[in-house]
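For the record, in the sequence shown the residue sitting at position 116 is 116 according to the numbering used here, with numbers rising by one throughout.
Following: one structure in structure tokens, then a few remarks.
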Amino acid sequence: MRLIKPSLLLAAALFFSLQATAAPTVIHGVKVQETAVVGGATLQLNGAGTRYKGPFKVYVGDLYTSKKVSSLEELIAAPGPKRLSMTMLREVEAGPFGKLLTRGVEDNTSKPEMSKLVPGLIRMGDIFTVNKVLLVGDVITLDWIPGTGMVVTAKGKVQGEPFKEPEFFKAMMSIWFGSSPADYMLKDAMLGITK
1 MRLIKPSLLL AAALFFSLQA TAAPTVIHGV KVQETAVVGG ATLQLNGAGT RYKGPFKVYV
61 GDLYTSKKVS SLEELIAAPG PKRLSMTMLR EVEAGPFGKL LTRGVEDNTS KPEMSKLVPG
121 LIRMGDIFTV NKVLLVGDVI TLDWIPGTGM VVTAKGKVQG EPFKEPEFFK AMMSIWFGSS
181 PADYMLKDAM LGITK
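Shown next as structure tokens:
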């Protein structure tokens, strides 16, 4: 019997491991890509998971960064662009969804900070008012691009002008990654934390 060379085994193992990492992850039928291009930079998937409201699956959330992060502070400090994406798993009225985002900011922000965020939250609410209904498969992205601000895209269209304030981006990210996140399991999944 002929022995297989160790280098051939290593090459085969490397080939198959690269094939496995190149394939997108699928969560509840949503393909989550391993990379995303934001502001000309290629970002890596930090983590992805499902947002539940009671027993209902609402959306698949995924986070893309230039380097691995495991907290809100690390996310904000990470250099370069960042992306948080939500792909809807059920039909949702956009107005109430926007109000839930505002409540998420309130739950993670002090009163003095909150008063500074009101103009941005009103603008964000307007985005959801215009879109009325989010359908299964609709995608919302929140992209932080240094020098530009937070660009909101819904249903494939950029929504208004960028939110230029880094404090507003941090407040928005606190909805998912703050001390009182909307969904602790989704927070851990997008931060790549396994328990």
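All C-beta atoms in this analysis are idealised placements derived from N, C-alpha and C, irrespective of residue type, glycine included.
Predicted model only: the values in this text are computed from it and were never measured.
{"Asked": "Proximity of G160 and F128 at Cβ, strictly below 8 Å", "Found": "no"}
{"Asked": "K116 to F163 span [Cα, whole Å]", "Found": "13 Å"}
{"Asked": "Sufficient close CB pairs (3 or more, under 8 Å) joining the stretch 45–58 to the stretch 172–191", "Found": "yes"}
{"Asked": "CB of R83 within 8 Å of CB of L43, strictly", "Found": "yes"}
{"Asked": "Presumed contact (8 Å Cβ cut-off) between S85 and T141, rounded CB distance", "Found": "5 Å"}
{"Asked": "Element boundaries [beta strand (DSSP E), containing N46]", "Found": "A41 to K53"}
{"Asked": "Inter-residue Cα distance where the pair is T35 and Y64", "Found": "7 Å"}
{"Asked": "Buried/exposed call for R2, threshold 16 Cβ in 10 Å", "Found": "The predicted position of R2 is uncertain, since its pLDDT is 49 and thus under 50; no value can be drawn from it."}
{"Asked": "Among V32, E91, M173 and L134, nearest to M150 - alpha-carbon criterion", "Found": "M173"}
{"Asked": "Through-space distance from D138 to K132, alpha-carbon basis", "Found": "12 Å"}
{"Asked": "Bounding residues of the alpha helix (DSSP H) (the contiguous stretch that carries K170)", "Found": "P166 to F177"}
{"Asked": "Given R169 as reference, the closest of D126, L121 and L134 once Cα atoms are compared", "Found": "Here residue 169 is Phe; the residue named in the question, Arg, does not match the sequence. Nearest C-alpha to F169: L121."}
{"Asked": "Per DSSP, cross-strand counterpart(s) of Y59", "Found": "R51 and M88"}
{"Asked": "Beta-carbon contacts of A154 that lie in its chain and below 6 Å, excluding the five residues immediately before and after", "Found": "N131 and I140"}
{"Asked": "Cross-strand partners of K31 (DSSP beta bridge)", "Found": "V26"}
{"Asked": "Beta-carbon contacts of P79 that lie in its chain and below 7 Å, excluding the five residues immediately before and after", "Found": "S66"}
{"Asked": "Coil, strand or helix - T21 by DSSP", "Found": "Because the pLDDT of T21 is 45, which lies under 50, any placement of that residue in the model is unreliable, and the question is left without a value."}
{"Asked": "Test item: CB-CB of V92 and L45 under 8 Å", "Found": "no"}
{"Asked": "Beta carbon of V152 nearer than 8 Å to that of R90", "Found": "no"}
{"Asked": "Length of the line joining the Cα atoms of T21 and Q33", "Found": "Because T21 sits at a pLDDT of 45, beneath the cut-off of 50, its placement in the model cannot be relied upon, and the following sentence gives the value as read from the coordinates. Each residue's Cα considered, the two are about 10 Å apart."}
{"Asked": "Cross-strand partners of L142 (DSSP beta bridge)", "Found": "L84 and V152"}
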